[in-house]
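Chains as they are written, first to last, in the numbering used here: chain A, 56 to 440; chain B, 56 to 440.
See structure below.
2 protein chains.
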Amino acid sequence: MILEHVRPLGAAPVDVHVEEGRIARLLPSARPGPAALLLPGLVEGHCHLDKTLWGLPWWVNEVGPTRMDRIENEKRVRRRIGMDAAREGRALAEAHLAAGTTRLRSHVDVDEESRLSHVEKLLGLREAMAGRMEIQLVAFPQSGILRTPGVREWLDEALRLGCDAVGGIDPSLIDRDPVRHLDAVFGLAQKHARPVDIHLHEPGELGAFALELIAERTRALGMGGRVVVSHGFALGDLAGPRADALMALLAEAGVALCTSAPPSRAVPPLKRARELGLIVFAGNDNIRDTWNPANAPDMLARAEMVALKYDLRRDADLALAFETVSGAGALGCGFAEYGLAPGCRADLVLVEASCLAEAVVTRRPPKLVVSGGRVVARDGALARG
Amino acid sequence: MILEHVRPLGAAPVDVHVEEGRIARLLPSARPGPAALLLPGLVEGHCHLDKTLWGLPWWVNEVGPTRMDRIENEKRVRRRIGMDAAREGRALAEAHLAAGTTRLRSHVDVDEESRLSHVEKLLGLREAMAGRMEIQLVAFPQSGILRTPGVREWLDEALRLGCDAVGGIDPSLIDRDPVRHLDAVFGLAQKHARPVDIHLHEPGELGAFALELIAERTRALGMGGRVVVSHGFALGDLAGPRADALMALLAEAGVALCTSAPPSRAVPPLKRARELGLIVFAGNDNIRDTWNPANAPDMLARAEMVALKYDLRRDADLALAFETVSGAGALGCGFAEYGLAPGCRADLVLVEASCLAEAVVTRRPPKLVVSGGRVVARDGALARG
């Protein structure tokens, strides 16, 4: 396959030669005339394929305001309306693919309700999507680990079955025992030699304390480059010098940050984090689910939200927003062979735009999406066959 | 014209009878089967038709970070790339119309560069769009009034020429004289019997002082219901009790608030403001211009941003977000004969959705847009003829 006359990230036009699913070489294009913008396959760094209602009839949300309200509501609703994590998860993953996402990290609930059922369904989905989309699954103790007998063992089994990483959540506020929660998470990571991705919504100094505990464990276990903190809202709450010190600690330990750039909440400072050496990437988090009806399987839209959240307006700054849904996501999640250089997997997205900034704010459906050297979508719709 | 079998705001299906451009009556629909959602024409409460680059080739943004950088840059760019406020303004207004916006308030720059040229162009556009879209123009002293000789006189002339309202901006930070700036604005409003809409970005207690001065003048001049503060960021900065006292003062004086719900900035608290009797409505502010490349002429997308900004997730709360781009916008801007009741102007939008919440988060292009009883757009594209 040759993609003729395309501009990689807005640079001068090239022809991209693809061989055996990889980029073989980029040769200068001789053809005159306008060329489409070439992007690497986009990276969804944080979503919940097993929670989404994507493709189902509208569900009326009357949930209470707390995190626990949402956790308990979800369990009730799931039974009542017959949600199927494989079916809705696939619908969402395919919508993502049609919009240019070729690598995706999903958390998958492991709790007393779901036990291993979501894990099994999403492992099946990961297999079914293989070759079109690289999916990572994080075994995620949505309802805590310590407070429910059995969860630690189900997480252990989820990793044995093939989950790519182990998750955690608000170690003080959910399990009410930060040290033992994190020791359980990192213990499982060590046992199975898997990376870690922890949901940390805890605010202010409580969240800061959790960040310190996570950095300590990452360093002590030599897990630098294999630990992600998702959200990390505490870094948005604390005054500059305190947040700086924490971010320096995380950078030194090799802990990356994932943000959904939510409009309603203070978030870690993106530019300062990058200056301090932190990898910061983006994910949608909830998409059309019982937690939140909003958001969309479209990483260019998420990049625009990053731009709006961090007030990025100059073209050079919008390229930073794009980085959070591409290169930084691949680094943070450990997706290999990523990018537009020879040798990289041929995950290629063609967009009608003159530059990255235009691609981000116009969010046009890609003209073409190629995954592993194969055409998987055209004009925002999946290619058949 | 009869719109058959539609659900007004999600209620039971009706047939809407339109006579002479108005809603004549709504009769229960006997037909079985699914019905589209009927919305009133959407309201864009705050935009800048004379600033947009909509329809032009991509312009690379390298502007500095301050408000003054943006003001001065805009003047230079406008000359260099040959922007035409009538042409780009029309492109943006028509894109808005295709997405269901039938009433729109635009600010229009009056400064030493533009003098009355933008006003004249947008008055022409207002006339050209009449019957399809009701446009209000606010004569807007983007660069201040007192600091530039002539601006007060141009504003006076803009109102004489037919601008619908008089604007103002950050009375301490731009003109550095809050009392005389506001006296100039309210003086012009009194002279021409026009309403007021003031851009107030000033933070914290400085913005609070301006709000007090605005409330005092509104009350003293009996202008309740005819004064809008756009942005009002100070109300997002101040602690609950102080913000509450200010909002009660504004409500009592009859000052409404307009917000763009920017993800990067604290904003007035929506639910609390409503409880205190304030009208709060939404606008996009900058759309694809030299100030900000982001945002889109789509009020359902703006409603979703309001929902995300205020963390509105329940269906009942998403209906509040919808209110900010419909009824509250009409009340705040004074658009008359608005709504879905008999006698209202037949500005009707049909969307494929089961309810308001679904319409907001799916943001599908309207199946049909009717303005003043006439079909003006179908499936997201303008109707010809």
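Here a beta-carbon is modelled for each residue, glycine too, at the ideal position from N, C-alpha and C.
Kindly say whether residue i, judged by its beta-carbon, lies nearer than 8 Å to any beta-carbon of chain B.
i, result
"Ser-319(A)", "yes"
"Asp-370(A)", "yes"
"Leu-363(A)", "yes"
"Asp-340(A)", "no"
Would you say residue i lies against chain A (beta-carbon separation less than 8 Å)?
i, result
"Ser-109(B)", "The residue asked about is misnamed: residue 109(B) is Trp in this sequence, not Ser. With 8 Å as the cut-off, Trp-109(B) does not count as an interface residue toward chain A."
"Met-360(B)", "yes"
"Asn-347(B)", "yes"
"Cys-410(B)", "yes"
"Arg-343(B)", "yes"
"Asp-366(B)", "yes"
With C-beta atoms as the reference, is residue i less than 8 Å away from residue j?
i, j, result
"Leu-100(A)", "Gly-155(A)", "First, the residue type needs correcting, since residue 100(A) is Gly and not Leu in the sequence shown. In this structure, Gly-155(A) does not lie closer than 8 Å to Gly-100(A) by Cβ."
"Ala-150(B)", "Pro-420(B)", "no"
"Val-61(B)", "Leu-405(B)", "yes"
"Leu-255(B)", "Gly-291(B)", "no"
"Ala-140(A)", "Leu-104(A)", "yes"
"Met-354(A)", "Val-98(A)", "yes"
"Ala-148(B)", "Leu-159(B)", "yes"
"Leu-64(A)", "Val-71(A)", "no"
"Gly-389(B)", "Gly-76(B)", "no"
"Ala-349(A)", "Val-310(A)", "no"
"Leu-301(B)", "Leu-266(B)", "yes"
"Pro-397(B)", "Ile-78(B)", "yes"
"Ser-285(A)", "Asp-252(A)", "yes"
"Pro-323(A)", "Leu-363(B)", "no"
"Ala-436(B)", "Thr-379(B)", "no"
"Pro-83(A)", "Ala-66(A)", "no"
"Trp-113(B)", "Cys-410(A)", "yes"
"Pro-196(B)", "Gly-179(B)", "no"
"Ala-213(B)", "Val-174(B)", "yes"
Along the beta strand (DSSP E) that carries residue i, what are the first and last residues, could you check?
i, result
"Ser-426(A)", "423-426"
"Pro-83(A)", "77-83"
"Ile-224(B)", "220-224"
"Leu-405(B)", "403-406"
"Arg-86(B)", "Element bounds for Arg-86(B): n/a, residue is neither H nor E."
"Ala-432(A)", "429-433"
Could you tell me which residues DSSP puts in a beta bridge with residue i?
i, result
"Thr-314(B)", "Ala-337(B)"
"Gln-191(A)", "Arg-160(A)"
"Pro-420(B)", "Bridge partners of Pro-420(B): none, in fact."
"Glu-74(B)", "Arg-77(B)"
"Ser-227(B)", "In the DSSP output, where bridge partners are listed per residue, Ser-227(B) has none listed."
"Glu-99(B)", "Leu-159(B)"
"Thr-107(B)", "Asp-344(B)"
"Ile-253(A)", "Gly-223(A) and Val-284(A)"
"Val-69(A)", "Val-61(A) and Pro-83(A)"
"Ala-436(A)", "Arg-433(A)"
"Leu-94(A)", "Val-404(A)"
Considering just the uninterrupted stretch of the alpha helix (DSSP H) at residue i, what are its terminal residues?
i, result
"Glu-59(B)", "Careful: Glu-59(B) lies outside any alpha helix (DSSP H), inside the beta strand (DSSP E) at 57-63."
"Arg-235(A)", "233-247"
"Gly-279(B)", "From DSSP, Gly-279(B) is part of no alpha helix (DSSP H); its letter is neither H nor E."
"Cys-388(A)", "382-388"
"Ser-172(B)", "172-184"
"Ile-126(A)", "122-136"
"Glu-359(A)", "354-364"
"Gly-295(B)", "295-308"
"Val-38(B)", "With chain B running from 56 to 440 in the structure shown, residue 38(B) is simply not present."
Are there any heavy atoms of the ligand NAP lying less than 7 Å away from the beta-carbon of residue i, as far as the coordinates show?
i, result
"His-247(A)", "In terms of ligand content, the structure shown is empty, and the ligand NAP therefore cannot be addressed."
If contact means a Cβ-Cβ distance below 8 Å, which residues of the stretch 112-123 of chain A contact chain B?
Interface annotation for the stretch 112-123 of chain A against chain B: Pro-112, Trp-113, Val-115, Asn-116, Glu-117 and Val-118, criterion Cβ-Cβ distance under 8 Å.
If you measure beta-carbon to beta-carbon, which residues of the stretch 410-425 of chain B are closer than 9 Å to chain A?
Going along the stretch 410-425 of chain B in chain order, one finds Cys-410, Ala-412, Glu-413, Val-415, Val-416, Thr-417 and Arg-418 with a Cβ nearer than 9 Å to chain A.
At a CB distance below 8 Å, what residues from the stretch 219-241 of chain B approach chain A? Give them in sequence order.
Residues: none.
When you check each C-beta in the stretch 370-400 of chain B against every C-beta of chain A, which residues fall closer than 8 Å?
For the stretch 370-400 of chain B, residues whose beta-carbon sits nearer than 8 Å to a beta-carbon of chain A comprise Asp-370, Ala-371 and Leu-373.
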